[in-house]
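Engineer: Residue numbers (full-length UniProt numbering): 1 to 192. Even glycine gets a Cβ: it sits at the ideal position worked out from N, Cα and C.
1. Round the Cβ separation of residue 111 and residue 36 to the nearest angstrom and send it over; I've been treating them as touching at under 8 angstroms.
2. How big is the Cα-Cα spacing for residue 194 and residue 99?
3. Verify whether the separation of the beta carbon atoms of residue 127 and residue 38 is less than 8 angstroms.
4. To the nearest whole angstrom, what separates the beta carbons of residue 154 and residue 116, a pair I think is in contact under 8 angstroms?
5. Whole-angstrom Cβ separation of residue 190 and residue 130, contact assumed at under 8 angstroms?
6. Nearest-angstrom Cα distance between residue 43 and residue 105?
7. Taking the alpha-carbon of residue 120 as reference, which of 18, 160, 101, 82 has the nearest alpha-carbon?
8. Within the same chain, show all residues whose beta-carbon is closer than 8 angstroms to that of residue 82, passing over the 5 residues directly before and after it, in chain order.
9. Check for me: the alpha helix (DSSP H) holding residue 176 runs from which residue to which?
10. Going by the DSSP bridge assignment, what does residue 129 pair with across the sheet?
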């Protein structure tokens with residue numbers, strides 16, 4: 001596979017610090033993440049949507065370790081996210097403020113999207129890291145999707161994050177960015 005990324009070095013130290021600060025403020029068991037959960041029927045169980053129960057639903061996603069790993073690597077991850085978004089930012093202060101607002105408004109979704117991809121796509125074919133390509137190089141598959149928009153989309157709902165729904169999440173959320181309709185087709189493509 002021949003791939004040439006389009007990247008230019010720019011000083012984005014302050015922007016990186018600001019984005020990292022917003023993302024690092026997210027905790028796994030937090031209001032922002034609880035808002036992503038499906039509301040349970042309270043007819044039979046009045047406490048089905050209590051904070052304690054919702055925290056249990058979050059733990060049932062089994063993303064604790066992955067979420068912690070993402071938080072520990074935010075310097076690297078934020079740098080890669082900003083490198084991908086660079087074509088939209090240029091040296092435009094308004095674009096940077098819009099990006100910071102988008103991150104602030106969607107920080108829990110972004111963190112959950114990162115944790116999900118880290119959990120379920122952290123494998124390599126030879127030296128090719130599928131997780132890194134999926135997170136930061138959507139143009140590898142001939143698409144020009146925004147990485148932040150993609151992470152927001154992946155992390156936007158509990159059903160996208162469940163391990164037993166990985167094939168459904170791939171088909172419904174991720175396949176549009178890869179051009180491969182099924183998880184099997186995607187894995188086969190990357191093996192070749």
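Structural biologist: If we stick to the structure as given:
1. Incorrect: roughly 10 angstroms between the Cβ atoms, too far for contact.
2. Any property of residue 194 remains undetermined from this structure, which presents the chain solely from 1 to 192.
3. Pairing residue 127 with residue 38 gives a Cβ-Cβ distance that is not under 8 angstroms.
4. Between residue 154 and residue 116 the beta-carbon gap is near 6 angstroms, inside 8 angstroms, which marks them as a contact.
5. That pair is a contact at about 6 angstroms.
6. Taking C-alpha positions only, residue 43 is separated from residue 105 by approximately 32 angstroms.
7. 160
8. 12, 15, 16, 19, 89
9. 175-178 is the span of the alpha helix (DSSP H), which, as asked, contains residue 176.
10. 124
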